[in-house]
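Chains as they are written, first to last, in the working numbering: chain A, 942 to 1093; chain B, 5 to 645.
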C-alpha cells in the first residue's frame, strides 16, 4: 500500500483534492440557492392567496375611498341645510353604500380607540369622543379611513 | 447554511421607518401589518401595552406625554448637546439626563434610553417581516445617517440587540440609497445623495471605487422637511380665506385640521397635476350665522412660489458639503434622490439644474434606503453575489499625547474594518500609569476634538521616561464601532474599552470643530509644532543634564558652567506657556551646541576605554542613548500623558 501511495505524484493528489473541495463548495452553494428559491416561491404562493382573499373583500376599496370626501361634504350640507329633499338624497346614497359593505363609524360618546380613530384635539383630560372632525368608515368590517376626533 | 434565516434591511428613520428583504434575487419592501410600505417611527407606552407606528400616531395628541416621536434625534447623544436641546423644543414628552449625561426619555417617571424606544420600532419591523416571510427573523442590517458618530452607531446597534436582532452591519443611509441604484457596479464615480424627508434634510457626497463607498462630506438641516412645505400651504390657505371672508381659520382647530389634510392632498396632487382645487364646504360660519365655504385653486406655479425659500434653504448645506468634499457640482457623476419630498417636480428640477444632470429617481424615494439596506443584507446573507461593500470611518481617530496634542491612529476615510497599532511611552520618570484619551476629529490639539472615552493603564514598572513601551491598538469593526486596547509590553498588562456612549464635547462644539478644522489649519499646525518644540526642549534639557552629572568632570569648568546655564535656561523656557516655537528651537540648539564639547570629551574617553578593553564589541550604551535621543523623539516621541 505504501508503495502504491508513493507512486502517485503528490502534485496530482493536491490538484484533485482542491478540485473536489471546489466541487463540494459549488454543490453546497447550489443546494442552498435552490432551497432559498423554493422558500421564496412558497412564500409567494401563500402571500398571493392572502392578497387575493383581501382583494375580494376590498375589491371596491379605491372607488369607495374616492367617494368618501364628497360623502362627508354632503353630510355636512345636510347638517347645515334643513331641507327634506337633501335629506332624502343623503339617505338614498347611504343605503347604496351600506348594501355594498360601507359603514360609518358611530363613535360619538364612546371611549377613544386608536384602532378606529385618530385624536386631533382634546378639550379635557378624559378620553371620550366628543366630536367627529372627519368621519371614519369601514368596508366589510375593515377600517378604510380612521375617524378624526376631538376628545373630552 | 440551508434555510438560514433571512437578513432584513431596516431604514430606521427619524419620522418614518421601512423594512425590505431580498427575495429571489431582488429587493422587496415588506408591508406593515397595516398594509403600508412605511410606518411612523412613533412609540406609545400605555400601561403595559406598547404601540408602534400608525396606531401610536393616532393617539399621540391624547397621550402626548407617553408617546415618543423622533427619538432618533436623541440616539447616543448627551442631554446638553445643542442638537438635543433644539430637538426637545419639538417634542411633547419629557427628556431627561440619564447615565453619563446621556439624553433619556421619561415616561410615567420611568427612564427609557433612546435605544430602548428604538428597539420597539425595530421589534415591529421584525414582527412585520416575520409575518411576511413566514419564518423567524434574527438578523438585520440597519441604516444610520452618515454623520452619526461612534456612540450614535453603538446606540443603534444596541437598539437592534434589545429587539432580538443580530445587527450584521450598520450602513450609512446615503450608501444604502446608492446601492439601491446599483451605483456600486459603475466603477469609480462621485455621488451626491439629496435626502429631503418628513422632518430632516441631509446631503451626502460619496466617492466610490472598486465597490468601496467613501463618505467625502455630509451636511444638512435637521429641521427642514415635508412638514415645512405643508405649513406653507396651510398658511397660504388661511391667509387667502381671511382676505376673502375676514375669518381667521387659524383660531379654529377643527377647521385647521380639515385644511391640514387638504393641504397635504393638494401637495401630493401637484406633483402630477398642474393645478388642484381645494374645496372644503361649511368650513366655518359668517358673523350672521350663514355657512362659509372654502374654495380655491392652487397651481403648481403658486406652490413653487410658496416654498421657494425652503428649496433654496436646502441648497446652502449642499454647497457646504461640496466645498468640504472639494468637489465642484459639475464633477458629481450621479445624483440620488431620497425622501418623499423629492417627488416634487420643482425639487427635481432644481437638483438637476444645480448638478447639471438628471437625478436618479426610479426607486420609490420613501423606500430607497430600506431597499439598499436589503441589498447589503443580501450580500451578507449570500443572496447577492459580486458586491463587496465596505464603509469608511468619517472622522480621524487618535489619542491625546504629551502637550495635549492629538496623535492620529486611524485617519478619516479609512476603509473599515481596520486595525492600527502604535507604540507610545511615558512622559516622566517612574510614571506607572498612562491615561488613554480616545479622540475623534480633525483638529491638531486634543481639546479641539471630541473625546469618545478614556481609560487608565496602570501597573507599568517604574522606569526612566521614554523607556516603557505601551502599545495602543485601535480596531474598528465592520459596524464602525471602535475597540481600543493599551498594553504595556514589559509587564504584559493591558486595558481596553469598546467605545460606549461617552462624549465629552457638545455637538455644537463638534460641529464647530468640523467647520473650523480648515480655518484653523495653520494655527493648529503652529500650536502642534510649538508643543513638539517644547517636548524636544525638555527632552534635550533632561538628557544633557543627565550627561552633565556623569561626564561633567571630563570638560573644563567654563564649559561645564556654560552647559549648565543653557540647560537651566532651556528648562525655564520649556516651562513657560507662551514660549514661541522659534525661541524653543534656538535655545535647544544652543544647549546642544554647548554640549558638543562634552560629547567630544565623552567620545575621547570612550575611545580610550575601548583601546584599553581591546576586543570589546559592545558599544557603550550611554553614548548610544545620547545619540538616539533626537531621532527617538522624532520617530516615536509621542508620549502618553
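We treat Cβ as the ideally placed atom computed from N, Cα and C, and that holds for glycine.
Item                                                                                                                              : Value
Interface flag, residue 65 of chain B vs chain A, CB-CB below 8 Å                                                                 : yes
Beta carbon proximity, residue 262 of chain B to chain A, threshold 8 Å                                                           : yes
Own chain residues within Cβ distance below 6 Å of residue 563 of chain B, not counting five before or after                      : 601
Test: residue 1053 of chain A CB closer than 8 Å to a CB of chain B                                                               : yes
CB contact check: residue 380 of chain B to chain A, cutoff 8 Å                                                                   : no
Sub-8 Å separation of residue 43 of chain B and residue 74 of chain B beta-carbons                                                : no
Beta-carbon neighbours of residue 978 of chain A, restricted to chain B and to distances below 9 Å                                : 28 and 29
First and last residue of the uninterrupted beta strand (DSSP E) at residue 261 of chain B                                        : From DSSP, residue 261 of chain B is part of no beta strand (DSSP E) but of the alpha helix (DSSP H) over 257-273.
Buried versus exposed call for residue 16 of chain B [16 or more other C-beta atoms within 10 Å across all chains shown]          : buried
C-beta neighbour in chain B for residue 1074 of chain A, strict 8 Å                                                               : yes
is_contact[residue 293 of chain B, chain E] using C-beta, thresh 8 Å                                                              : Within the model displayed, chain E is absent; protein chains A and B are what it includes.
Separation of residue 1089 of chain A from residue 1005 of chain A, as counted between CA atoms                                   : 18 Å
Under 8 Å between C-beta atoms of residue 538 of chain B and residue 583 of chain B                                               : yes
Whole-Å CB distance - residue 300 of chain B paired with residue 201 of chain B, under 8 Å assumed                                : That belief does not hold up - the Cβ atoms of residue 300 of chain B and residue 201 of chain B are roughly 28 Å apart, past 8 Å.
Three or more C-beta pairs below 8 Å linking the stretch 257-277 of chain B and the stretch 217-235 of chain B                    : yes
Whether residue 546 of chain B touches residue 474 of chain B by CB criterion (8 Å)                                               : no
Residues of the stretch 1064-1091 of chain A whose Cβ lies closer than 8 Å to any Cβ of chain B, in chain order                   : 1068, 1072, 1074, 1075, 1087, 1089 and 1091
Supposed close pair residue 570 of chain B, residue 598 of chain B - CB separation, criterion 8 Å                                 : 5 Å
Where residue 628 of chain B sits in the DSSP three-state scheme                                                                  : Bear in mind that a pLDDT of 35 at residue 628 of chain B, under 50, signals an unreliable position, so the number given afterwards is only what the model happens to contain. Helix, per DSSP.
contact_flag[the stretch 139-156 of chain B, the stretch 367-385 of chain B] where n(CB pairs < 8 Å) is 3 or more                 : yes
Where residue 322 of chain B sits in the DSSP three-state scheme                                                                  : helix
From B:50, B:289 and B:608, residue whose alpha carbon lies closest to that of residue 1021 of chain A                            : B:289
Collapsed DSSP secondary structure at residue 1045 of chain A in the structure displayed                                          : strand
Spatial neighbours of residue 627 of chain B in its chain, beta-carbon cut-off 8 Å, leaving aside the 5 residues before and after : Here the model assigns residue 627 of chain B a pLDDT of 33, short of 50, so the residue's position is not dependable and the matter cannot be decided.
For residue 262 of chain B, the nearest candidate out of B:136, B:286, B:51 and B:100 (CA to CA)                                  : B:286
Proximal residues, the stretch 137-151 of chain B versus chain A, C-beta separation under 8 Å                                     : 137, 138 and 139
Residue 1082 of chain A and residue 1058 of chain A closer than 8 Å at C-beta                                                     : no
Cβ separation of residue 160 of chain B and residue 325 of chain B, assumed to be a contact under 8 Å, to the nearest whole Å     : That pair is no contact at about 22 Å.
Any C-beta of chain B under 8 Å from that of residue 1060 of chain A                                                              : yes
Own chain partners of residue 255 of chain B with C-beta closer than 6 Å, once the 5 adjacent residues on each side are dropped   : none
Within-8 Å CB hit, residue 390 of chain B to chain A                                                                              : Any reading at residue 390 of chain B must be qualified, since the residue scores a pLDDT of 46, below 50, and its modelled position is unreliable; the value itself is stated next. Not an interface residue.
CB contact below 8 Å: residue 285 of chain B versus chain A                                                                       : yes
Residue 1092 of chain A versus residue 295 of chain B - alpha carbon distance                                                     : 25 Å
Proximity below 8 Å, CB of residue 449 of chain B to CB of residue 528 of chain B                                                 : yes
Buried versus exposed call for residue 510 of chain B [16 or more other C-beta atoms within 10 Å across all chains shown]         : With a pLDDT of 48 at residue 510 of chain B, under the threshold of 50, the predicted position of this residue should be treated as unreliable, though the coordinate-derived value follows. Buried, by the Cβ-count rule.
Classification of residue 140 of chain B by the beta-carbon crowding that lies within 10 angstroms, buried from 16 upward         : exposed
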